[in-house]
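Every position in the sequence shown, counted from 1, becomes a number in the working numbering once 648 is added.
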Amino acid sequence: MKVNKQDYRTVWMEGSDVFLIEQNLLPFEFKIYKSESYIETCNAIIKMLVRGAGAIGATAGYAMAQAAIEAQNENYENFVREARYIIEHTRPTARNLFYATERVYQAALKSVEDAINEAENVANKDAEDSRKIGEFGNELISPKMNILTHCNAGWLAFVDHGTALSPIYKAHESGKDVFVYVDETRPRAQGARLTGWELNNQNIPHKIIPDNAGAYLMSLGKIDMVIVGADRIAANGDVANKIGTLEKAIAAKEYNIPFYVAAPVSTIDFECKNGDEIDIEYRSQDEIKFQCGPDKNGEMHRIQVTSPGSECLNPSFDVTQAKFITGIITEKGIFKPNEIIIKIE
Ligand code: MRU
649 MKVNKQDYRT VWMEGSDVFL IEQNLLPFEF KIYKSESYIE TCNAIIKMLV RGAGAIGATA
709 GYAMAQAAIE AQNENYENFV REARYIIEHT RPTARNLFYA TERVYQAALK SVEDAINEAE
769 NVANKDAEDS RKIGEFGNEL ISPKMNILTH CNAGWLAFVD HGTALSPIYK AHESGKDVFV
829 YVDETRPRAQ GARLTGWELN NQNIPHKIIP DNAGAYLMSL GKIDMVIVGA DRIAANGDVA
889 NKIGTLEKAI AAKEYNIPFY VAAPVSTIDF ECKNGDEIDI EYRSQDEIKF QCGPDKNGEM
949 HRIQVTSPGS ECLNPSFDVT QAKFITGIIT EKGIFKPNEI IIKIE
């Protein structure tokens, strides 16, 4: 995707360094972060400089490749095994992280070159899968449509095209009149900050709405379809995605609005029977208590927005049961949630 007319990937590797777009600073500053070791790359995932299931996966794959390079002066197999453990304990919910570490770890057991090539394959496959998701998803979009999305599942979240936003990019590119309602997605505001920034870059008409406005807009007939991404999909079609997704799905069912999940097969965890088995990440209370942004001179400030002394609870994801989902848009086609186990595995 282009930023200021220049092509960028969400994350990439040159030599033994990993480069990524510092998402924490967006939309106010566009900066590339350079990580020189696998531990630095792990910290970038923990601090959410990079986030979104696919981007975390591609970054974790590169971290594994960095570990293989670093392991050359150590007890090779022990070093890469320990590195895999550390990388896999950065964030728990996104399936793609574990998909990537498994693939690159197995390659690393053969050679360092294999590890580097495999990490590249994981990122390239993300890009290709996202592109195909855009093509399949575009078939669902009519010439004029209002679409609601939650969080950020664009090219910042999945290398190059994104998942939920990929069909929207494709539809806009093919001349359709798409309008996007973007949930702000508290507490970290990935919708307001990142999806808004992405859509602005692509000149796609949109409005950012409060997280609690979706059902009302649905009741007014202003939303024709919902498309969200996914962090992990269980074998029965239950979907873990950013907190707040479940509420939108329930409201969409009530108002007969199609609710689609866009994700590649690498996000499906066939070993996970249903959503109850998905490990949901709980994050720091500070994400709710404080917001941060620039003043009119561009200087960044952190301000408290909750009652001092009140405790907060911060589940980062929720599970939308398969019964609320119209279809799952993958790189292999569009499936009903209960079909993925039969038709994909
Ligand atoms: O906590 P994050 O920002 O890493 O959350 C993951 C997500 O970006 C979303 O849940 C997204 O909608 C699906 S990932 C493409």
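The beta-carbon is built from N, C-alpha and C at its ideal position, and this holds for glycine as well.
Among I990, F678, I764, the one whose alpha carbon lies nearest that of A715
When the alpha-carbon of A715 is set against those of I990, F678, I764, the nearest one is in I764.
Determine the closest residue to V651 out of M661, I669, W660, with distance taken between C-alpha atoms.
I669
Helix, strand or coil at N723 [DSSP, three-state]
coil
As an exercise, report each continuous alpha helix (DSSP H) stretch of at least 4 residues that is fully enclosed by the stretch 661-721, in chain order.
686-694, 701-718
From the DSSP secondary-structure annotation, give me the bridge partner or partners of C940.
R950
Cutoff 8 Å; reference E684; Cβ partners in own chain excluding five residues on either side:
S664, D665
Which residue from L745, M712, A706 puts its Cα closest to that of I687?
The candidate whose alpha carbon is nearest that of I687 is M712.
To which residues of the same chain is L865 closer than 8 Å at the C-beta, ignoring the five residues directly before and after it?
Short of 8 Å from the beta carbon of L865, and not among the five residues preceding or following it, lie these beta carbons of its own chain, in chain order: L796, Y829, I857, I871.
Where do the ends of the alpha helix (DSSP H) carrying N860 lie?
Per DSSP, N860 belongs to no alpha helix (DSSP H) and is neither H nor E.
Inter-residue CB distance, N884 and N986 (contact presumed, cutoff 8 Å):
7 Å
So V887 and A900 are in contact, right, with Cβ under 8 Å, and what is the actual spacing, rounded?
Actually they do not touch by this definition, with Cβ atoms about 13 Å apart.
Look at the alpha carbon of I928 and the alpha carbon of T741, and state the distance between them as a whole number of angstroms.
6 Å
CA-CA distance, I982 and F784?
If you take the alpha carbons of I982 and F784, they lie about 7 Å apart.
Unbroken stretches of the beta strand (DSSP E), 3 residues or longer, contained in the stretch 793-833:
825-831
With 16 other CB atoms within 10 Å as the buried threshold, where does H598 fall?
It is not possible to answer for residue 598, since the shown part of the chain is limited to 649 through 993.
When burial is assigned at 16 or more other CB atoms within 10 Å of the CB, is L690 buried or exposed?
Sequence inspection shows Cys at residue 690; the Leu mentioned does not correspond to that position. C690 is buried by the Cβ-count criterion.
When you compare only the Cα positions, how much space is there between L673 and E766?
29 Å
Could you spell out where the alpha helix (DSSP H) holding R880 opens and where it closes?
Note, R880: premise wrong, no alpha helix (DSSP H); beta strand (DSSP E) at 880-882.
Please classify D655: does DSSP put it in a helix, a strand, or coil?
strand
If we count Cβ pairs, one from each stretch, closer than 8 Å, do we get three or more for the stretch 787-794 versus the stretch 739-757?
no
Are the CB atoms of P942 and I781 nearer to each other than 8 Å?
no
Measure the alpha-carbon distance for N786 versus E730 and round it to whole angstroms.
Within the model, the alpha-carbon separation for N786 versus E730 is close to 42 Å.
Determine the closest residue to W660 out of G892, C940, G705, H949, with distance taken between C-alpha atoms.
Of the residues G892, C940, G705, H949, the one whose Cα lies closest to the Cα of W660 is G705.
Excluding five sequence neighbours on each side, which residues of the same chain lie with their C-beta closer than 6 Å to the C-beta of T738?
C690, I693, I694
Limits of the unbroken beta strand (DSSP E) element including A910
907-910
In terms of alpha-carbon separation, which member of A756, N849, Q933 lies closest to G709?
A756
Report whether the distance from the Cβ of G877 to the nearest heavy atom of the ligand MRU is below 7 Å.
yes
Can you find the residues in the same chain that come closer than 8 Å, C-beta to C-beta, to H949, ignoring five residues on each side of it along the sequence?
C940, G941, P942, D943
Please state whether DSSP places E965 in a helix, a strand or coil.
Reading the sequence as shown, one finds Phe at residue 965 and not Glu. DSSP places F965 in strand when its eight states are reduced to three.
Report the CB separation of G810 from S778 in whole angstroms; it is logged as a contact under 8 Å.
6 Å
Best match in S914, K682, N849 for proximity to A701 [C-alpha to C-alpha]
S914
Go through its chain and collect everything with a Cβ distance to A897's Cβ below 6 Å, but skip five positions before and after it.
Same-chain partners within the cutoff: F907, T968, F972.
Assuming R836 contacts P675 (C-beta within less than 8 Å), just tell me the rounded distance between them.
Incorrect: roughly 13 Å between the Cβ atoms, too far for contact.
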